[in-house]
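This report concerns only the one structure given below.
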Amino acid sequence: MKLDYRRVFFTGFAFFLICAFWQAYDNIIPKILTDKFGMSQAASGFIMALDNILAVVLLPVFGAISDRHQGRYGKRTPFIIVGTISAAVALIALTVADNMQLANIKAGVEGVGIENSAERTAYAWSVTASDPLPLIVFIVLLLLVLLSMSIFRSPAVALMPDVTPKPLRSKANAVINLMGSAGGIIVLVLGILFGTGKPENAIMSYSLFFGVVAAIMIAALVIFLLTVREVKWSREADKINSQLTNDEKTSESESAKDKSSPGASAPEKSSELSRGQLKSLIFILASVVLWYMGYNAVTSKYSVYAGDILGLDYNLTLIIAQAAAIAAYIPVGILSQRFGRKRMILAGVVMLGAAFGFAAFMREGSNIWVMNCLFALAGIGWATINVNSYPMVVELAGTGDVGKYTGFYYTASMAAQIVTPILSGLFLTYVGMTTLFPYAALFVAAAFVTMLFVRHGDSKPAPKKSLLEHLDNDD
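For the sequence shown, the positions run 327 to 801 when this note's numbering is used.
Below you can see the structure in the form of structure tokens.
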């Protein structure tokens, strides 16, 4: 059995456009909320949690709906089309409210000569308090953007296991995540070109930047529609999975006959999760919650932290993390087949936790290459976790329940991302900005403990092969 990298690559354009959007969202929205609307870190953290509040409710719903949808273009593609177009349009519309506030802020800053970031933020809040309309419009449009993304996130992610035989899903997920990182890194490069991370551009207009991101999303959708044949590919994968299931049942039946009296029938395999499988599912999802508590705290606050504490342009550091992840995805997929998903996740958790732990000691004036190396390690660790965690969850799903289990996975990750921007924002506001990385490291360390209790959803280690065999173009 060999993985069709071409199919997975084109399927990955759905995840590519999702990650391009979220990279722009996580980097820019916190800056708009603090720099232009004058919100505290705690208040902006609450706004940043809105997408995750919606996701907890809507992602399982749309995942389950897409499971049951039958149409000419398949179960997932119609949701991807509608969601992408509506999200791109809403993202561009979001700049209307941003520019409304920008006009007020610019007039005040130029008039009184406020250059200090703290003073500018205080002034921005006074402008918001005197004229809350731009903020109201911004929040309404933000909700429309987030609703649009919720329509297709679960269906887009569920498409990979739909078109990929079970034993190959970790390798396929490596390619999918590589595509996602490529989307993110393109947006970060755009950030450097547009100067979004420069302190002097704190109150710049993001209209052109968001317009380019929306165009990238639409372009990725067009490539996806021209190349992906969901119905055909899903049917072929289902056929392979059915054969694998039949072979497994035959093996179990023969084993049972060997242990029982002649003529005894083999026990039927239950379609429900066993007690052990359910326990593993719970611990996997608990681990997802914990490492997202740590990771999302950094991703949602780092654009602000980098300027205030490190004196750095956040774009370059995040590009290094994404580039390291891109370099790691394929090797991680190969290693996961050999050593198993659980072992690789534990290794990834150690790398991510160590990176965050050491980053806690970095300050303005520290060696920038040390910070870059730490973020590269974090990128590799996160890639190692991501390649394997989602396949472990859907490994426990039946053929018709992939969308539902995808919803479980995203419910866990989004639940964490509801809490962590608010909780970390409270620490940053009332204890200090330097609490960010210790906070993140603590939750990642807790995820290591919960993963130790997982016993199901792993892949069986593959027979040893040479590196050349692994890198065969057809495999």
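Glycine included, every Cβ here is placed at the ideal spot set by N, Cα and C.
The structure presented is a predicted model; accordingly, all values stated were derived computationally and were not measured.
If residue i and residue j are in contact, beta carbons under 8 Å, what's the gap, nearest whole angstrom?
{"i": "S629", "j": "P356", "result": "6 Å"}
{"i": "D457", "j": "A563", "result": "The Cβ separation is near 55 Å, so there is no contact."}
{"i": "N499", "j": "P717", "result": "5 Å"}
{"i": "I391", "j": "A482", "result": "The pair is not a contact, with the Cβ atoms about 14 Å apart (cut-off 8 Å)."}
{"i": "M777", "j": "I671", "result": "6 Å"}
{"i": "S477", "j": "F405", "result": "The residue asked about is misnamed: residue 477 is Ile in this sequence, not Ser. Yes, they are in contact, since the Cβ atoms of I477 and F405 sit about 6 Å apart, within 8 Å."}
{"i": "D361", "j": "T447", "result": "7 Å"}
{"i": "V513", "j": "L417", "result": "Contact flag wrong, Cβ pair sits at about 12 Å."}
{"i": "G510", "j": "A346", "result": "7 Å"}
{"i": "L329", "j": "K497", "result": "5 Å"}
{"i": "T760", "j": "I635", "result": "6 Å"}
{"i": "A375", "j": "I608", "result": "About 23 Å separates the two Cβ atoms, so there is no contact after all."}
{"i": "M486", "j": "T337", "result": "6 Å"}
{"i": "I744", "j": "N378", "result": "4 Å"}
{"i": "R333", "j": "W559", "result": "6 Å"}
So, for residue i: in the same chain, excluding its five sequence neighbours on each side, which residues have a beta-carbon less than 7 Å away from its beta-carbon?
{"i": "C699", "result": "none"}
{"i": "G437", "result": "Annotation note: pLDDT 46 at G437 (below 50); position unreliable, no value reported."}
{"i": "F339", "result": "M505, A546, I549 and F550"}
{"i": "H782", "result": "G602, Q603, S606 and L722"}
{"i": "A647", "result": "F701, A702, A704 and G705"}
{"i": "F342", "result": "M505, G506, A508, G509 and A546"}
For residue i, I'd like the list of residues in its chain whose CB is within less than 6 Å of its CB, leaving aside the five on either flank, ordered along the chain.
{"i": "Y731", "result": "V719, V720 and A723"}
{"i": "Y331", "result": "none"}
{"i": "S613", "result": "A773, T776 and M777"}
{"i": "A742", "result": "V615, Y618 and M619"}
{"i": "F769", "result": "L616, M619 and G620"}
{"i": "G674", "result": "G707, T710 and I711"}
{"i": "G400", "result": "E556 and V557"}
{"i": "A685", "result": "L700 and F763"}
{"i": "M688", "result": "M697"}
{"i": "S739", "result": "V614 and Y618"}
{"i": "I652", "result": "L504 and S507"}
{"i": "L470", "result": "A416"}
{"i": "Q349", "result": "G510 and V513"}
{"i": "L703", "result": "M677 and A681"}
{"i": "A771", "result": "G679"}
Within the same chain, show all residues whose beta-carbon is closer than 8 Å to that of residue i, passing over the 5 residues directly before and after it, in chain order.
{"i": "V422", "result": "V463 and L467"}
{"i": "R479", "result": "I344, A381, L385, F388, G409 and Y736"}
{"i": "Y655", "result": "A500, V501, N503, L504, S507, A709 and V713"}
{"i": "F335", "result": "V501 and M505"}
{"i": "V453", "result": "G364, Q427, N430, I431 and G434"}
{"i": "L534", "result": "F520"}
{"i": "V780", "result": "S606, F609, I610, S613, K668 and M718"}
Query raised in the report: At what residue ranges does the segment 327 to 360 contain a whole run of the alpha helix (DSSP H), taking only runs of 4 or more?
Result: 331 to 337 and 339 to 357
Query raised in the report: Would you call the segment 627 to 643 and the segment 723 to 743 in contact, with 3 or more CB pairs under 8 Å?
Result: no
Requested in this report: Report the residue ranges of all beta strand (DSSP E) runs contained in full by the segment 449 to 525; include only those spanning at least 3 residues, in chain order.
Outcome: none
Query raised in the report: Pairing CB atoms from the segment 410 to 422 with CB atoms from the segment 531 to 544, are three or more of them under 8 Å?
Result: yes
Query raised in the report: When the Cβ atoms of the segment 651 to 668 are set against those of the segment 512 to 519, are three or more pairs found closer than 8 Å?
Result: no
Query raised in the report: Between the segment 499 to 509 and the segment 457 to 468, are three or more C-beta pairs nearer than 8 Å?
Result: no
Query raised in the report: Can you find at least 3 beta carbon pairs, one from the segment 361 to 369 and one from the segment 742 to 761, that sit closer than 8 Å?
Result: yes
Query raised in the report: Hey, which unbroken runs of the beta strand (DSSP E) at 3 residues or more fall wholly within the segment 372 to 424?
Result: none
Report task. Check whether the segment 761 to 771 touches the segment 613 to 627, taking contact to mean three or more Cβ pairs, one atom from each stretch, closer than 8 Å. Result -> yes
Query raised in the report: Which whole runs of the alpha helix (DSSP H) in the segment 740 to 793 are 4 residues long or more, in chain order?
Result: 762 to 777
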